[in-house]
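So for the sequence shown, this note's numbering puts the first residue at 4; every next one is plus one.
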Amino acid sequence: MTILSTIFWLEGSYLPQSMNIPLYNHSVDMCAFFKRPAINRVLAIIHRTMKQYGNMPTGCPLTGPYRFCNIPVSHMRIPPFLLPANFRLQIGLTSRSTNEKYMTFMGYGMIKKVPCTPHDRC
Numbered sequence: 004m005t006i007l008s009t010i011f012w013l014e015g016s017y018l019p020q021s022m023n024i025p026l027y028n029h030s031v032d033m034c035a036f037f038k039r040p041a042i043n044r045v046l047a048i049i050h051r052t053m054k055q056y057g058n059m060p061t062g063c064p065l066t067g068p069y070r071f072c073n074i075p076v077s078h079m080r081i082p083p084f085l086l087p088a089n090f091r092l093q094i095g096l097t098s099r100s101t102n103e104k105y106m107t108f109m110g111y112g113m114i115k116k117v118p119c120t121p122h123d124r125c
């Protein structure tokens, strides 16, 4: 069984500086997720976007290698309750049986609120 863990931290002026706990910390069985992506809404957002920009797996077993290029996170549907802030996203892929790490991803960015126009998907 392959486990995908997702941890999401926010850093904003409205948060205490000493607060270094994740806003979101969740692990999911990848094979179960591929069968039913709705079991994890955050991963479903990431998965839906990455499928358009690389050879994202759609089922098990994971055969790899996988490559993703020029992923525009500006097109991701960010939940509206997230306020403007800096963020850090950590994603790890680990074998539950051997505890072997297949992949670790760490990304940094900024959430900005922009006004919607008739041509944008909001």
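All C-beta atoms in this analysis are idealised placements derived from N, C-alpha and C, irrespective of residue type, glycine included.
Which residues DSSP lists as bridging residue i, in chain order
| i | result |
| --- | --- |
| V31 | L7 |
| R91 | W12 and Y111 |
| L96 | L7 and M106 |
| G2 | The structure shown has nothing for residue 2, since the chain only spans 4 to 125. |
| G62 | In the DSSP output, where bridge partners are listed per residue, G62 has none listed. |
Near the ligand NAD: residue i beta-carbon under 7 Å from a heavy atom
| i | result |
| --- | --- |
| S100 | Of ligands this structure carries none, so the ligand NAD is not represented either. |
Exposure label - residue i; buried when at least 16 CB within 10 Å
| i | result |
| --- | --- |
| L7 | buried |
| L13 | buried |
| T107 | exposed |
| T61 | exposed |
| T66 | exposed |
| T97 | buried |
| I49 | buried |
Cutoff 6 Å; reference residue i; Cβ partners in own chain excluding five residues on either side
| i | result |
| --- | --- |
| D32 | M4 |
| M109 | Q93 |
| R99 | M4 and I6 |
Beta-carbon proximity list for residue i, same chain, < 8 Å, skipping 5 on both sides
| i | result |
| --- | --- |
| S30 | I6, L7, S8 and T9 |
| Y69 | G57, N58, M59 and P60 |
| I42 | V31, A35 and F36 |
Supposed close pair residue i, residue j - CB separation, criterion 8 Å
| i | j | result |
| --- | --- | --- |
| F36 | L46 | 6 Å |
| L85 | I114 | 6 Å |
Contacts around residue i, its chain only, beta-carbon distance under 7 Å, and the 5 residues preceding and following it disregarded
| i | result |
| --- | --- |
| C72 | Y56 and G57 |
| L26 | F11, W12 and L13 |
| K116 | P87 |
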